[in-house]
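This report concerns only the one structure given below.
Residue numbers (this note's numbering): 400 to 719.
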């Protein structure tokens, strides 16, 4: 496949085809599935006692401090803050250099959307980490971990050091937003780099395209830095938040469709061209790639916590 001028996308005949119908089914099926997962799992009922909370609810909730708290007890939150600030500066510099070199047309690419998202993630994370560092000096009378807990409303409020007598403070709205951005970014970064290195580079020939230093950086550095942040942070990774990842990609595809319906322009990725012979197959393949991409990061997070709990039980910090 080559990135060459295609037929007039503003023509009605371009869209009234069985290929577009199939591709539309793939996209809107993903949207429906994503919205169902959000409706079913994102909003848990109010939990007043520890006994009322199921293990799944405890595992999937985002707790206070998790956005800024390292996964190792002895590590000061300042280290996570420093890593996020450095990562933000590096990605911002790479993004600015890339746009300066190749122009604003880069924003038609999913890669650039992902780069902006991961850059925003580190900027947002830096702010939350800075706030976490300001709260670091606050301790309680009976343990450094007490500030994460709150007495249960329907339990005996007698002061006790047993965690089961306390309800973990859930994160504020910004904590949940950051958690969602983290999981959405993880999936998008994996998809971007996987499609580029597994599909585009080996199989697609793009006219006038050269693999430069900035291109390699954009399609690799984002994943390296995000994996580094994943190793340091204490965020969970519930599987149902693949829904936001699906919505991000679906929104990008809809954006491209609407743009091409009104403007006859080139497709940023050859497999998005609906006039291509195997367009529905390409759309389906990319849609199915969301599962292994998201699953890879899910396994990375689970492996991290398994290694910490098994090899460093004294240093491992977990609120779950």
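C-beta atoms are modelled at their ideal positions from N, C-alpha and C, and glycine is treated no differently. Here the structure is a predicted model, which is why all the values come from computation and not from measurement.
- In this structure, DSSP gives residue 712 a state outside helix and strand, which the three-state scheme calls coil.
- The criterion of a C-beta distance shorter than 9 Å is satisfied by residue 524 and residue 577.
- When secondary structure is reduced to three states using DSSP, residue 469 falls in the strand class.
- For residue 635, there is no enclosing alpha helix (DSSP H), as DSSP marks it with neither H nor E.
- When only Cα atoms are considered, residue 686 and residue 434 end up about 16 Å apart.
- With fewer than 16 other beta carbons inside 10 angstroms of its own, residue 534 counts as exposed.
- Runs of the beta strand (DSSP E) spanning 3 or more residues and lying entirely within the segment 572–619 do not occur at all.
- When the Cα atoms are used, residue 464 and residue 668 turn out to be separated by approximately 40 Å.
- A direct Cα-to-Cα measurement between residue 469 and residue 593 gives close to 28 Å.
- Rounded to the nearest whole angstrom, the C-alpha separation of residue 575 and residue 406 is 44 Å.
- The continuous stretches of alpha helix (DSSP H) do not include residue 406, and DSSP gives it neither H nor E.
- For residue 535, there is no enclosing alpha helix (DSSP H), since its DSSP letter is neither H nor E.
- In the assembly as shown, residue 466 is a buried residue. Its beta-carbon has 16 or more other beta-carbons within 10 Å.
- In the three-state scheme derived from DSSP, where H, G and I count as helix and E and B as strand, residue 667 is classed as coil.
- Leaving aside the five residues that flank residue 629 on each side, the residues in its chain whose CB is nearer than 8 Å to its CB run, in chain order, 585, 696, 699, 700 and 703.
- Between residue 532 and residue 477, the gap from beta carbon to beta carbon is short of 9 Å.
- Between residue 617 and residue 497, the beta carbon gap of about 6 Å places them in contact (Cβ cut-off 8 Å).
- When the alpha-carbon of residue 583 is set against those of 634, 599, 572 and 641, the nearest one is in 641.
- Nearest to residue 650 by C-alpha distance, out of 639, 426 and 416, is 426.
- If you draw a straight line from the Cα of residue 421 to the Cα of residue 484, it is about 44 Å long.
- Just so you know, the alpha carbons of residue 664 and residue 419 end up roughly 17 Å apart.
- Between residue 502 and residue 518, the C-beta spacing is not below 9 Å.
- 9 Å or more divides the Cβ of residue 409 from the Cβ of residue 678.
- Non-local C-beta neighbours of residue 511 in its own chain, meaning closer than 6 Å and more than five positions away in sequence, comprise 505, ordered along the chain.
- Within the model, the alpha-carbon separation for residue 600 versus residue 713 is close to 45 Å.
- Just so you know, the alpha carbons of residue 657 and residue 414 end up roughly 11 Å apart.
- Burial is judged here by how many other beta carbons sit within 10 angstroms of a residue's own beta carbon; residue 689 has at least 16 and is buried.
- The Cβ atoms of residue 648 and residue 509 lie closer than 9 Å to each other.
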